[in-house]
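Have a look at the structure below, then the notes.
Protein chains: 2
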Amino acid sequence: MELDERKMKILQAVVRNYLETGEPVGSRTISKYTDLNLSSATIRNEMADLEEMGYIVQPHTSAGRIPSDKGYRLYVDCMLREKEKEVDEIKELLLEKEEKLDDLLKQAAKALAVNTNYATMISSPRFHQNKLKFIQLSRVGSGQLLAVIVTEGNVIKNHIIETAETFDDEALLKLNLLMNTNLTGLSVEEINLSMISVLKKQAGVHSDIIGNVLDAVAEAIRSDDDLEIYTSGANNILKYPELADRERAGELIHTFEEKQPLTELALGSLASENTGIRVYIGDEAPVESLRDCSVVTATYEIEDGIKGTIGIVGPKRMDYDRVVGTLKQLKNQLDDLYSKG
Amino acid sequence: MELDERKMKILQAVVRNYLETGEPVGSRTISKYTDLNLSSATIRNEMADLEEMGYIVQPHTSAGRIPSDKGYRLYVDCMLREKEKEVDEIKELLLEKEEKLDDLLKQAAKALAVNTNYATMISSPRFHQNKLKFIQLSRVGSGQLLAVIVTEGNVIKNHIIETAETFDDEALLKLNLLMNTNLTGLSVEEINLSMISVLKKQAGVHSDIIGNVLDAVAEAIRSDDDLEIYTSGANNILKYPELADRERAGELIHTFEEKQPLTELALGSLASENTGIRVYIGDEAPVESLRDCSVVTATYEIEDGIKGTIGIVGPKRMDYDRVVGTLKQLKNQLDDLYSKG
DNA sequence: GTTAGCACTCACCTCGTTCGAGTGCTAACA
DNA sequence: TGTTAGCACTCGAACGAGGTGAGTGCTAAC
Numbered sequence: 057m058e059l060d061e062r063k064m065k066i067l068q069a070v071v072r073n074y075l076e077t078g079e080p081v082g083s084r085t086i087s088k089y090t091d092l093n094l095s096s097a098t099i100r101n102e103m104a105d106l107e108e109m110g111y112i113v114q115p116h117t118s119a120g121r122i123p124s125d126k127g128y129r130l131y132v133d134c135m136l137r138e139k140e141k142e143v144d145e146i147k148e149l150l151l152e153k154e155e156k157l158d159d160l161l162k163q164a165a166k167a168l169a170v171n172t173n174y175a176t177m178i179s180s181p182r183f184h185q186n187k188l189k190f191i192q193l194s195r196v197g198s199g200q201l202l203a204v205i206v207t208e209g210n211v212i213k214n215h216i217i218e219t220a221e222t223f224d225d226e227a228l229l230k231l232n233l234l235m236n237t238n239l240t241g242l243s244v245e246e247i248n249l250s251m252i253s254v255l256k257k258q259a260g261v262h263s264d265i266i267g268n269v270l271d272a273v274a275e276a277i278r279s280d281d282d283l284e285i286y287t288s289g290a291n292n293i294l295k296y297p298e299l300a301d302r303e304r305a306g307e308l309i310h311t312f313e314e315k316q317p318l319t320e321l322a323l324g325s326l327a328s329e330n331t332g333i334r335v336y337i338g339d340e341a342p343v344e345s346l347r348d349c350s351v352v353t354a355t356y357e358i359e360d361g362i363k364g365t366i367g368i369v370g371p372k373r374m375d376y377d378r379v380v381g382t383l384k385q386l387k388n389q390l391d392d393l394y395s396k397g
Numbered sequence: 057m058e059l060d061e062r063k064m065k066i067l068q069a070v071v072r073n074y075l076e077t078g079e080p081v082g083s084r085t086i087s088k089y090t091d092l093n094l095s096s097a098t099i100r101n102e103m104a105d106l107e108e109m110g111y112i113v114q115p116h117t118s119a120g121r122i123p124s125d126k127g128y129r130l131y132v133d134c135m136l137r138e139k140e141k142e143v144d145e146i147k148e149l150l151l152e153k154e155e156k157l158d159d160l161l162k163q164a165a166k167a168l169a170v171n172t173n174y175a176t177m178i179s180s181p182r183f184h185q186n187k188l189k190f191i192q193l194s195r196v197g198s199g200q201l202l203a204v205i206v207t208e209g210n211v212i213k214n215h216i217i218e219t220a221e222t223f224d225d226e227a228l229l230k231l232n233l234l235m236n237t238n239l240t241g242l243s244v245e246e247i248n249l250s251m252i253s254v255l256k257k258q259a260g261v262h263s264d265i266i267g268n269v270l271d272a273v274a275e276a277i278r279s280d281d282d283l284e285i286y287t288s289g290a291n292n293i294l295k296y297p298e299l300a301d302r303e304r305a306g307e308l309i310h311t312f313e314e315k316q317p318l319t320e321l322a323l324g325s326l327a328s329e330n331t332g333i334r335v336y337i338g339d340e341a342p343v344e345s346l347r348d349c350s351v352v353t354a355t356y357e358i359e360d361g362i363k364g365t366i367g368i369v370g371p372k373r374m375d376y377d378r379v380v381g382t383l384k385q386l387k388n389q390l391d392d393l394y395s396k397g
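Residue numbers (the working numbering), protein chains in the order written: chain A, 57 to 397; chain B, 57 to 397.
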């Protein structure tokens with residue numbers, strides 16, 4: 057069967073109405089709601105067709121129709137295409153440039169949650185080609201060395217190394233000089249075995265410590281595993297009856313508290329080439345526990361190649377329109393903050 | 057009116073039974089439940105007294121009684137006193153010594169939540185007399201200095217300072233030496249104005265930067281504001297019907313996500329001299345949003361004076377017995393991990 | 001002081017009824 | 001041939017009546 061323009065309009069009306077009310081929507085409503093000027097009976101016929109094609113479903117006989125995942129999908133695809141042209145005029149999210157990136161991201165997640173009434177997440181940026189910028193060893197106690205490692209983008213990692221050796225100031229100075237001259241500007245892939253052996257040779261009596269330091273460096277640069285996730289508004293889940301039953305809500309809140317499952321989402325969004333906005337409906341989401349929700353993600357980029365993910369989780373009857381707009385807004389604000397700063 | 061032993065026993069029976077079932081408990085139940093060998097009628101008379109004294113309440117006429125906050129309080133006080141002697145035989149919580157303290161604490165919160173089925177929090181330790189141990193400035197980019205500040209207990213803080221001045225290696229070396237010789241071992245109170253002016257004088261042309269660095273030091277040492285809170289099991293809230301209604305649950309989950317309000321709890325627990333286990337019932341809790349819950353906190357101490365707070369939040373009909381035991385257990389395990397390590 | 005008995009209360013469950021929104025089908029109409 | 005009015009039908013939700021049972025307070029007897 058063909059999906060002609062009229063069916064399209066009716067589907068759109070069903071979705072729109074359902075997004076607003078959360079109740080199944082009947083033929084009579086649509087006959088009044090739209091500018092189609094069709095009687096409810098005609099709408100009924102069309103709706104029967106739409107149901108047959110799988111775009112809408114009836115929770116039970118004698119109830120109205122609600123959109124299926126497939127219906128949402130079609131709606132979102134069309135809507136996004138139209139929206140692309142419009143200029144978003146949404147009120148400014150309150151973001152002030154923060155001293156620390158993590159505070160800023162926390163703040164952003166919160167602003168987004170308050171603004172949309174959905175649960176939100178935002179991942180710390182991930183550095184694609186992460187290079188060493190600076191490294192320093194200091195003595196902070198007997199048998200303890202502090203390794204401070206700074207990578208491009210000014211991400212700072214600290215690592216305490218326990219060691220039996222003792223280092224005087226001069227030895228440390230030498231070691232620091234040695235490592236900075238040899239390692240600065242390199243990515244983890246470029247630090248290979250031959251380089252390591254050269255370093256060890258040059259380090260002389262203190263060659264043992266080199267291995268420890270390099271382990272710390274490797275860990276600091278490979279930021280895959282510690283992608284920080286900031287969340288906010290998990291309690292918003294409870295505002296939507298279709299998600300608020302004991303079991304579902306519990307699982308969702310657990311997901312937002314544990315955060316770990318959400319990295320999946322963040323990485324998925326980063327991996328794809330498409331830097332725009334992505335919408336997952338129901339089962340499409342890459343995270344098991346979000347299968348009853350819709351998820352909208354966007355990728356932000358605060359500097360060249362330094363990207364993170366913003367995500368919004370809500371019921372399938374999410375106000376996609378507004379969410380997409382707000383996400384773009386936030387994206388832009390993050391961009392602005394960092395291109396200026 | 058006097059609270060004789062019989063009334064005490066009846067109150068205890070009411071509480072016990074209510075903890076188990078969550079249902080109001082009637083006189084007949086108690087007459088069978090206890091070894092008092094009294095008829096339900098007698099129990100009824102006693103319960104009327106207990107109600108008059110405020111230890112129990114009736115949700116409505118012709119329902120059984122449930123303990124009031126005051127009733128719980130009495131029960132808990134007696135119970136804890138008795139329990140003090142017993143040896144807790146609870147299965148080991150699975151805690152492995154972690155590389156990083158924050159991972160360990162996360163893990164501890166989770167283990168506690170899984171074990172008790174309540175929502176849990178654990179604060180990072182707070183250093184009572186926090187002293188500077190080591191400080192170092194490094195150049196990490198043009199116009200950027202990295203200040204690494206290590207305080208007693210090996211807490212490391214990084215701070216990037218933007219500056220218009222340029223520093224060569226020698227100047228930095230001097231500055232570092234200057235600050236370390238003058239500041240090491242001091243607490244934030246001990247760094248006063250006269251000392252600052254001496255420092256500035258000695259710093260010569262680079263005196264401007266001293267102020268910035270000291271700000272960073274002050275922020276690092278005053279750890280009040282960034283007491284980290286780790287939470288787990290917020291979803292457990294939903295398991296208790298009396299807390300699971302939309303509004304209450306939303307508020308609670310928000311509290312656990314925001315975390316900020318929980319610092320109150322942590323600080324309160326740390327402030328008091330008593331290092332044992334504390335129970336807040338209902339309104340007693342120092343946090344507004346927890347007023348419908350019971351909160352049990354304990355203080356752990358991983359090194360001399362380095363203390364943090366563990367907390368458990370659940371319904372008033374919490375299994376105080378088990379919770380107190382488990383908390384002690386965890387306390388001990390944390391102690392052990394760090395006294396050995 | 002304790003207990004048996006009794007009248008009373010009240011949440012809760014069940015069941016039948018009504019109501020209304022919504023449907024599918026059919027027949028008539030343009 | 002597409003559209004519409006009309007009608008019988010379905011089914012969840014809301015409502016109210018009645019029954020049930022757990023629990024109470026009170027009183028009188030032991």
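Every residue gets a Cβ at the ideal spot worked out from N, C-alpha and C, and that includes glycine.
Residue-level contact check: Gly289(B) touches chain A, since one or more beta carbons of chain A fall below 9 Å from its beta carbon. Ser350(A) is the residue among Ser350(A), Ile333(A) and Ala322(A) whose C-alpha sits nearest the C-alpha of Asp339(A). By the criterion of a C-beta distance shorter than 8 Å, Thr240(A) is surrounded in its chain by Leu188, Lys189, Phe190 and Ile191, once the five residues flanking it on both sides are discounted. Restricting attention to Thr90(B), Ile178(B) and Arg302(B), the CA atom closest to the CA of Asn73(B) is found in Thr90(B). Residue environment for Arg137(B): exposed (fewer than 16 other C-beta atoms within 10 angstroms of its C-beta). Within the same chain, and ignoring the five residues on either side of Pro80(B) in sequence, the residues whose Cβ sits closer than 8 Å to its Cβ are Tyr74, Gln114, Pro115, Ala119, Gly120, Arg121 and Ile122. Setting aside the 5 residues that flank it on each side, Ala165(B) is surrounded in the same chain by Thr176, Met177, Ile178, Tyr286, Thr287 and Ser288, each with a C-beta closer than 7 Å to its C-beta; the list follows chain order. When secondary structure is reduced to three states using DSSP, Gly197(A) falls in the strand class. In the DSSP assignment, Lys363(A) falls within the unbroken beta strand (DSSP E) covering Ile362 to Pro371.
Relative to the Cα of Glu221(B), the nearest Cα in the group Asp158(B), Thr237(B) and Arg195(B) belongs to Arg195(B). Within a 10 Å sphere around the beta-carbon of Ala327(A) sit fewer than 16 other beta-carbons, which makes this residue exposed. Shown here, Arg62(B) sits in a helix according to DSSP, grouped into three states. Between Pro371(B) and the set Ala104(B), Tyr356(B) and Ile337(B), the nearest pair of CA atoms involves Ile337(B).
Contact of Val196(A) with chain B by beta-carbon distance below 9 Å involves Lys189, Phe190, Val206, Asn210 and Ile212. Close partners of Glu313(A) in chain B (Cβ separation under 9 Å): Thr287, Ser288, Gly289, Ala290, Asn291, Ile309, Phe312 and Glu313. In terms of beta-carbon proximity, Gly306(A) lines the interface with chain B, with at least one pair separated by less than 9 Å. Secondary structure note for Ile217(B): it is in no alpha helix (DSSP H), and the uninterrupted beta strand (DSSP E) holding it is Val211 to Glu218.
Using a Cβ-Cβ distance cut-off of 8 Å, the segment 264-277 of chain B and the segment 211-225 of chain B are in contact, since at least three pairs of beta carbons, one from each stretch, lie closer than that value. Closest in alpha carbon position to Gly197(A), among Glu208(A), Thr219(A), Val211(A) and Asn210(A), is Thr219(A). The three-state secondary structure of Met177(B), taken from DSSP, is strand. In this structure, DSSP gives Pro123(A) an extended state, which the three-state scheme calls strand. Between Leu92(A) and Ile112(A), the C-beta spacing is not below 9 Å. When Val352(A), Ala167(A), Ser180(A) and Thr319(A) are compared, the shortest CA-CA separation from Val211(A) is found for Ser180(A).
Between the C-alpha atoms of Ala276(B) and Ile205(B) there is a straight-line separation of about 7 Å. Contact between Ala290(A) and Glu313(B) holds: CB atoms are separated by about 5 Å, below the 8 Å threshold. At a C-beta separation below 8 Å, Ala300(A) has these neighbours in chain B: Arg302. In this structure, the CA atom of Asp224(B) is about 11 Å from the CA atom of His262(B).
Taking the Cα positions, Val369(A) is about 11 Å away from Thr311(A). Counting along the chain, Ala354(B) sits inside no alpha helix (DSSP H); it lies in the beta strand (DSSP E) bounded by residues Cys349 to Glu359.
In this structure, Thr355(A) sits near Lys363(A), with a CB-CB distance shorter than 9 Å. Rounded to whole angstroms, Leu294(B) and Ser345(B) show a C-alpha spacing of 15 Å. Contact annotation: in the segment 241-275 of chain B, no residue has its CB less than 7 Å from a CB in chain A. Contact annotation for Ile216(B) against chain A: Asn210 [CB-CB distance below 7 Å, chain order]. For Leu202(A), the chain B residues whose C-beta falls within less than 9 Å of its own C-beta are Phe190, Gln192, Val204, Val206, Asn210 and Ile212, listed in chain order.
Partner residues in the beta bridge of Phe190(B), as assigned by DSSP, are Val206(B).
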